[in-house]
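> FYI, the numbering for the sequence shown is 44 to 83, going by our numbering.
For each residue, glycine too, the CB sits at the ideal point set by N, CA and C.
Bear in mind the structure is a predicted one, so any value in this text is a computation, not a measurement.
Sending over a structure as structure tokens; questions will come in a sec.
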Amino acid sequence: MSMLTFYENRAGKNLSSDEKDTLEKAKDKLRELFGKEDKD
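Structure, rendered in structure tokens:
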């Protein structure tokens with residue numbers, strides 16, 4: 044999870060909306076697998 048967030052923060056404005064959506068879906072899946080709540 045932390046590496047996805049790191050990548051997202053480093054890429055910043057250069058990420059397309061599709062890439063951001065993909066990262067968010069991956070983070071949601073990890074939260075689901077590891078039983079963590081969404082921080083939003």
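Whole-angstrom Cβ separation of M46 and K70, contact assumed at under 8 Å?
Incorrect: roughly 11 Å between the Cβ atoms, too far for contact.
> Assign S68 to one of three DSSP states: helix, strand, or coil.
Position check: residue 68 holds Lys in this sequence, whereas Ser was assumed. Note: K68 maps to helix in three-state DSSP.
> Helix, strand or coil for L73 per DSSP?
Correct three-state label for L73: helix.
> Starting from L47, follow the alpha helix (DSSP H) in both directions and report where the run begins and ends.
Start and end: 45-54.
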